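Residue numbers 303 to 575, in our numbering, belong to the letters of the sequence shown in order. Note that the Cβ used here is the ideal one computed from N, Cα and C, for glycine as well. Just so we're clear, the structure is a prediction, and the values are computed from it rather than from any experiment.
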Amino acid sequence: MSELEWKTAGIPWTKQLTMTATGSGQAYRIYLAVPPGEAPEAGFPVMYVLDANSVIGTVVEAVRLQGRSRNGQGSPAVVVGLGYDEEIPFATARFTDYSLPMPIDELPPFSRGGEWPRQGGADDFLRFVLEEVRPVVESMVAINRERQAIFGHSLGGLFALHTLYTRPDAFFAYIAGSPSIDWYKRLILAEEQEFVSRLQRGGQPKQLFIGVGEEEETHPTRINEHARGVAERLGVFGDCGLNVSFEQFARENHISVLPVLISRAVRWFLQSV
C-alpha cells in the first residue's frame, strides 16, 4: 500500500486572524465564515458567536446546511467567531470578558480552583467587539447592519443578556443559552429592570431566544428557573417590539445542550431575517 498523505481539514468558508484589544492587550482569535457568491442586496445577516474555540465549527455547519436556498446554493448569513488565541475550548479569560463587576466575596468558590479572575470586563469586551472587530468585518463583507445577532452560552449567555439590557441598539437578535444568572443575579436583575423601564410601545423590533437543557433543572445555580423567569418577565413586552422565545431541550445537560441549542438558534435567527 502506498503511503497515505493526510492534510489539515479546515472549516468550510472560514478564515481566522489574531487581534489584540487596544484597551486590555488581550489576544483574540477571530473567525470569519463568509458564504460563497454575491451578498443579498441588503447585505448578509451576521451572527457573532462567543466561545468560538469550542463551537465555531458547529455554528458554521448549522448555518451552511440550514441556510441553503431552494436551489441548494449559498447561505444567507455570515458567522463571526469570537475566540481566544489558545487551543483549549473555554479560556480562563472568558471569566473576565463575559462577567459583571460582582465582588469576589459574593461569588462561590472558583470552579477551576484558586482565585477568581478579574471580574466585570463585559463592557470592555463589548467595546472591543463593536469598535474594533465589527469595523474589520464590515470592511471585508457586505453586512446588513439591521440584522445582526449575538450568541452566547453559560457565562456567554449572561453576556448576551447584559448586552441586550445595556446596548439594545447593538444587535437585532440576542441568543442566551443556559445563562449564568445566579452568580451575578443582583446586578443582572438591576440591569433588566432598568432596561424594562426604557421600553416603549411600538419600539424598534428586537428578538430574544433563551434555551436550556432539561437536565439543568437540577443544576445548583437554578439555571432553568432563572432563564424561564427572564423569558416570562420579558415576554409581556411584545407591544414594545420585544419578541421572546424560550425552549427547553429534552435530556440535555449544561454542555450536551450546545449542539441542539446551536441548531435551533440558527434556525430561529435565519427565519427572523
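Check	Outcome
Over the uninterrupted beta strand (DSSP E) stretch that includes S547, give me the two end residues.	544-551
Within a Cβ cutoff of 7 Å, which residues of the same chain sit near A533, ignoring the five residues on either side of it in sequence?	I512, V546, F548
Distance, Cα to Cα, I445 vs A478?	23 Å
Between I332 and chain E, is any beta-carbon pair separated by less than 8 Å?	Considering every chain present, this structure includes no chain E. It has just one protein chain.
Among the residues of its own chain, which have a CB less than 6 Å from the CB of F427, if the five just before and after it don't count?	D399
For P561, which residues of its own chain have a beta-carbon under 7 Å away from its beta-carbon, when the five flanking residues on both sides are left out?	T360
Can you tell me which of the three DSSP states Y330 falls into?	strand
I'd like to confirm the pairing. Which residues does DSSP put opposite K508 in its beta bridges?	L544
If you scan the stretch 354-398 from start to end, which runs of the beta strand (DSSP E) of 3 or more residues do you find wholly inside it?	380-386
Quick test of the definition: if touching needs 3 or more C-beta pairs under 8 Å, does the stretch 333-342 touch the stretch 305-320?	yes
What separation, rounded to the nearest whole angstrom, lies between the Cα atoms of G454 and K309?	32 Å
Where does N526 fall in DSSP's three states?	helix
Tell me which same chain residues have a C-beta within less than 8 Å of the C-beta of A395, skipping the five on either side of it?	Q328, Y386, P419
Per the DSSP calculation, T316 is bridged to which residue(s)?	A335
With a 10 Å radius around its C-beta and 16 neighbouring C-beta atoms as the bar for buried, classify R553 as buried or exposed.	exposed
In three-state DSSP terms, what is E448?	strand
Taking the continuous beta strand (DSSP E) assigned at M349, which residues delimit it?	346-352
Since A478 is in the beta strand (DSSP E), which residue starts that stretch and which ends it?	475-479
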